[in-house]
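See below for the structure under consideration.
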Amino acid sequence: MKVCLNYHNLGYNPQFGINKVHPIIFKNHMDICNDFNKNKNVDITITFDDGYEGVFTYCRKILNKSTIKRKIIFPIVDYIGKYNTWDSSFYLNKYKHLTIEQIKILVSEGWEVGSHTCTHTYLGNLNSDQIMNELVVSKQKLEEIINNEVTSFAPPYGIIDKRVLELSKSAGYNEIFIQKNKNILDTGSILLVKRNNIYSIDRNKNIINKINNSRLEKKKENCISSLNIITR
Ligand SMILES: [Zn+2]
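Position 15 (the sequence shown) corresponds to 25 in our numbering; numbering is contiguous.
Right under this line is the structure:
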């Protein structure tokens, strides 16, 4: 069984919101994932949306020592090495994103890189040309950094619809990581990977429930995602 858990930022300081997970809590989560991977025939992928520097600082060593095979960062290309002014809570939560150098180090250690667009705009608000631009430019820039092809994409706010799916395919992506599928039944050659979002409120039992595909957890995550879109 395959499972994909998605984080955003990590860090010790208090925050406004629930996107930043405490590093000790993260370590506990990874202990659970290691146990599932080793003893319960589960293959867990860990992804990080937005590409915060906290991933490099707090997750790198834990994940490099873990049984997690796929570790994927989804940076917002225009913000690499910069602060998160794209986030409406920027003045309350000021964080830096991964630098080019840090991304290169993670890749050299076996991490993968996917696109999370250039600007983190909700794609539902853009026309097709604008979406294509977000998809193509972010892909090219990331490929220049890692000197390899980029074929994974995670839409901001985790929602995919038929239009974004078709455009992603034309842009050269073959795997899309999502939270919510807006009525797409046939994805063609594109692999849609459903993820469970992890927040600072999630404890060990929530992680176990998410891995076990709990409907209640998924409902909670979808509720939080909807709120994130409204407050974007
Ligand atoms: Zn994001």
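Even for Gly, the Cβ is constructed at its ideal location relative to N, Cα and C.
- Query: Buried or exposed: where does Glu154 fall if 16 or more other Cβ atoms within 10 Å of its Cβ makes it buried?
  - Reply: Taking the sequence shown and counting its residues from 1, one reaches residue 154 at position 144. Exposed.
inquiry  = Using a Cβ-Cβ cutoff of less than 8 Å, which residues in the same chain neighbour Lys48 once the five nearest sequence positions on both sides are dropped?
reply    = Numbered from 1 along the sequence shown, position 38 holds the residue referred to as residue 48. So the list reads Thr77, once near-sequence residues are dropped.
>> Between Asp45 and ligand 1, is there a pair consisting of the residue's CB and a ligand heavy atom that are separated by less than 7 Å?
In response: In the sequence shown, residue 45 corresponds to position 35, counting from 1. No, Cβ of Asp45 sits at least 7 Å from all heavy atoms of ligand 1.
Consult DSSP for Asn44 and reduce its assignment to one of helix, strand or coil.
Translated into the one-based positions of the sequence shown, residue 44 becomes position 34. In this structure, Asn44 counts as helix in the three-state DSSP scheme.
> Using a Cβ-Cβ cut-off of 6 Å (strictly less than) and excluding sequence neighbours within five positions of Phe84, which residues of its own chain qualify?
Replying inline: As a first step, residue 84 must be located in the sequence shown, where it is residue number 74. Asp59, Gly124, His126, Ala164, listed in sequence order.
**Prompt:** When every heavy atom of ligand 1 is checked, does at least one fall within less than 7 Å of the C-beta of Asp139?
**Reply:** As a working note, residue 139 is residue 129 in the sequence shown. Checking the Cβ of Asp139 against ligand 1 gives no.
Could you tell me whether the Cβ atoms of Cys145 and Phe66 are closer together than 8 Å?
Here residue 145 refers to the residue found at position 135 of the sequence shown. Here residue 66 refers to the residue found at position 56 of the sequence shown. For the record, residue 145 in the displayed sequence is Leu; it is not Cys. For Leu145 and Phe66, no; Cβs fall outside 8 Å.
**Message:** Taking the beta strand (DSSP E) that Val203 belongs to, which residues open and close that run?
**Reply:** Walking along the sequence shown from the start, residue 203 turns up at place 193. Here the beta strand (DSSP E) through Val203 covers 201 to 204.
Can you find a heavy atom of ligand 1 that lies under 7 Å from the Cβ of Asp60?
As a working note, residue 60 is residue 50 in the sequence shown. Because some heavy atom of ligand 1 lies under 7 Å away, the Cβ of Asp60 counts as near it: yes.
Does the beta carbon of Glu154 sit closer than 8 Å to a beta carbon anywhere in chain D? Note that chain D does not occur in the displayed structure, where there is just one protein chain.
### Query
Under the rule that 16 or more other beta-carbon atoms within 10 Å means buried, what is Gly198, buried or exposed?
Along the sequence shown, one-based indexing puts residue 198 at 188. Looking at its Cβ environment, which holds fewer than 16 other Cβ atoms inside 10 Å, Gly198 is exposed.
In the structure shown, what three-state DSSP assignment does Lys12 receive? On the sequence shown, position 2 is the one that residue 12 refers to. Three-state DSSP puts Lys12 in a strand.
**OP:** Run the CB neighbour count on Phe26, radius 10 Å, all protein chains shown included, and call it buried at 16 or more, exposed below.
**Re:** As a working note, residue 26 is residue 16 in the sequence shown. That one is exposed.
Ile54 lies in the beta strand (DSSP E); which residues open and close that run? Numbered from 1 along the sequence shown, position 44 holds the residue referred to as residue 54. Note, Ile54: beta strand (DSSP E), 53 to 60.
* To do: Please report the Cβ distance between Gln41 and Lys79, rounded to the nearest whole angstrom; I am assuming they are in contact, meaning their Cβ atoms lie under 8 Å.
  => Taking the sequence shown and counting its residues from 1, one reaches residue 41 at position 31. Taking the sequence shown and counting its residues from 1, one reaches residue 79 at position 69. In the sequence on display, residue 41 carries Asp and not Gln. About 17 Å; that fails the 8 Å criterion.
What are the complete alpha helix (DSSP H) segments, minimum 4 residues, inside the stretch 72 to 129? Counting whole runs of 4 or more residues, the stretch 72 to 129 contains the alpha helix (DSSP H) stretches 110 to 118.
Please state whether DSSP places Ser224 in a helix, a strand or coil. By 1-based counting over the sequence shown, the position of residue 224 is 214. Secondary structure at Ser224: coil, using DSSP grouped into helix, strand and coil.
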